[in-house]
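Here the structure is laid out as C-alpha cells; the discussion comes afterwards.
There are 2 protein chains.
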Amino acid sequence: MKKEEALLKDHISKHNLKVTKERSAILRAFLDSERHITAEELYRNMREDGSSIGLATIYRTLNLFCESGLAEQRQFGDGQARYELTYNVKHHDHLICEECHRIIEFENQEIEALQEKVAQKNGFKIFSHKLELYGICASCSAKKTAS
Amino acid sequence: MKKEEALLKDHISKHNLKVTKERSAILRAFLDSERHITAEELYRNMREDGSSIGLATIYRTLNLFCESGLAEQRQFGDGQARYELTYNVKHHDHLICEECHRIIEFENQEIEALQEKVAQKNGFKIFSHKLELYGICASCSAKKTAS
DNA sequence: ATAATTTTGCGATTCATTATCATAATCGAT
DNA sequence: ATCGATTATGATAATGAATCGCAAAATTAT
Numbered sequence: 190m191k192k193e194e195a196l197l198k199d200h201i202s203k204h205n206l207k208v209t210k211e212r213s214a215i216l217r218a219f220l221d222s223e224r225h226i227t228a229e230e231l232y233r234n235m236r237e238d239g240s241s242i243g244l245a246t247i248y249r250t251l252n253l254f255c256e257s258g259l260a261e262q263r264q265f266g267d268g269q270a271r272y273e274l275t276y277n278v279k280h281h282d283h284l285i286c287e288e289c290h291r292i293i294e295f296e297n298q299e300i301e302a303l304q305e306k307v308a309q310k311n312g313f314k315i316f317s318h319k320l321e322l323y324g325i326c327a328s329c330s331a332k333k334t335a336s
Numbered sequence: 190m191k192k193e194e195a196l197l198k199d200h201i202s203k204h205n206l207k208v209t210k211e212r213s214a215i216l217r218a219f220l221d222s223e224r225h226i227t228a229e230e231l232y233r234n235m236r237e238d239g240s241s242i243g244l245a246t247i248y249r250t251l252n253l254f255c256e257s258g259l260a261e262q263r264q265f266g267d268g269q270a271r272y273e274l275t276y277n278v279k280h281h282d283h284l285i286c287e288e289c290h291r292i293i294e295f296e297n298q299e300i301e302a303l304q305e306k307v308a309q310k311n312g313f314k315i316f317s318h319k320l321e322l323y324g325i326c327a328s329c330s331a332k333k334t335a336s
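Chains as they are written, first to last, in this note's numbering: chain U, 190 to 336; chain X, 190 to 336.
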C-alpha cells in the first residue's frame, strides 16, 4: 500500500468514515494526474477512462484529501480551485506564466525566513502562506518579440 | 479636484466613456471606505446612505477603477473579490488573521528583491505578485490561550 | 437642443461549488 | 456471512458571486 493510501485510510478510520471504491479510485486518479488539477479536469479524466463517479463525489473527495493532509487547494485567480498533492512533497511556491499558463514550482528558503521575520515583527504566528509570481516565461517572451 | 478623481476622468476621456453621477458617487464612497472592501459591502454602505445605485453598477465601476489604475482586485480566499486603492499608495503585501480577519499591510524590499532573483533564474519576467501570510494575530492568540 | 453613444437598473444568466435526498455501500457486532 | 446502523453516492436542485441583455435614462459633441 502506498503511503498516500495509508494516510487517507488513517484519516478515514480516525473520523468514522468509510473506505469506498470511489475514494480509492479517485485517489489513484489524483496521484496519476498532473499537478494543480481542477475538480472538473479530474472528473473528465476519470469519465474518459470509463468511470461513472459523479462530479459531486469528486469535489467531496478532494475536500477529504485536503482534510486528511494529503492535498491542498489553491486559487490561481482563474475562478476554479486547483488541487495539489502536498503530502511528502517539499514546500514550494509558484511562478505562473500568464501567457501559456505554465506553472513552475520553486522554493526559496531565504524568502521563507524573511516572511517569518515579518510575521514576528507584527506579532503574528503564520499557519500558511501564498506566494505567487505572475509574469511571462522565457519561451512566451521569445514568441512575442518574434512576432 | 482630488488626484484620484483626475486620474479616473483622464481614463474616462481617453476611452470615450462618460462621467456620471453614479461613477462620481461610487468613487467618493470607495475613497471613504475601509481598505479591502467587497462590492457587496460598498453597495450596502451606499444604500444605507440613501443611494439607489444598483449592485451591477458597483461591480462595473469597481472594474473600471481597476482598468484605470486606481485600484486593484484581490482574492483572499473567502470567495469574494476585494478592492483596494493602489493609486499613489506604496506597494505592499498582506498579513491576514484567520481568526478576526484583520488584514495588516507590510512591505519588505528584501523579499521583493529575492522574488526578482527567483524569476530571473527561471527566465521569467514578473508583472505582478501575490504574497499573503495567513495566521493568527497577537490579540487573537492571547484570547485563545486565555480560554 | 439634437443625435449619437454610453450608462444604468433590473432581472435573468452563468459558473463553480455545495446541499438535499433517496438509494446503495460499508463496517462492526453478532 | 448476515444484520443494523451509519456513511457514501449520484442526480439534481440550490447557492452565491459576478456578468449579461435590454429598455429606458443620462451624457457629450455638435
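All C-beta atoms in this analysis are idealised placements derived from N, C-alpha and C, irrespective of residue type, glycine included. Model, not experiment: these values are computed from the prediction.
Starting from F295 of chain U, follow its DSSP beta bridges and name the residues at the other end.
U:D282
Range covered by the alpha helix (DSSP H) that runs through Y248 of chain U:
244-257
Check each residue of the segment 264-282 of chain U: if its Cβ is closer than 7 Å to any Cβ of chain X, include it; give the result in chain order.
Q264, G266
Between the segment 290-321 of chain U and chain X, which residues of the former have a C-beta closer than 7 Å to a C-beta of the latter?
I293, F295, N297, E299, I300, L303, Q304, V307, A308, N311, G312, F313, K314, I315, F316, S317, H318, K319, L320, E321
State the Cα-Cα distance for the pair S213 of chain X and L206 of chain X, rounded to the nearest angstrom.
13 Å
Helix, strand or coil: which one does DSSP assign to H318 of chain X?
strand
Take N297 of chain X as the anchor and find which of U:A308, U:E296, U:I293, U:F295 has the nearest alpha-carbon.
U:A308
Can you give me the start and stop residues for the alpha helix (DSSP H) that Y232 of chain X sits inside?
228-237
Quick check: what's the CA-CA separation for E256 of chain X versus E305 of chain U?
34 Å
Per DSSP, E301 of chain X forms a beta bridge with which residues?
Its beta-bridge partners do not exist; DSSP assigns none.
Simplified DSSP state of Q262 of chain X, which is helix, strand or coil
strand
What are the boundary residues of the alpha helix (DSSP H) that includes E194 of chain U?
192-203
Below 8 Å on C-beta distance, what does E287 of chain U contact in chain X?
F316
Euclidean distance between Cα positions of D221 of chain X and R271 of chain X
15 Å
I'd like the span of the beta strand (DSSP E) that includes L274 of chain X, first residue to last.
270-274
Are the beta-carbon atoms belonging to V242 of chain X and E211 of chain X less than 7 Å from one another?
Correcting the residue type first, residue 242 of chain X is Ile in the shown sequence and not Val. Yes, Cβ-Cβ distance for I242 of chain X and E211 of chain X is below 7 Å.
Beta-ladder partner(s) of I325 of chain U, from DSSP
X:K314
So for R224 of chain U, helix, strand or coil by DSSP?
coil
Between H318 of chain X and the rest of its own chain, which residues show a CB-CB distance below 7 Å, the 5 nearest in sequence each way excluded?
Q304
Could you tell me whether the Cβ of L251 of chain X comes closer than 7 Å to any Cβ of chain U?
no
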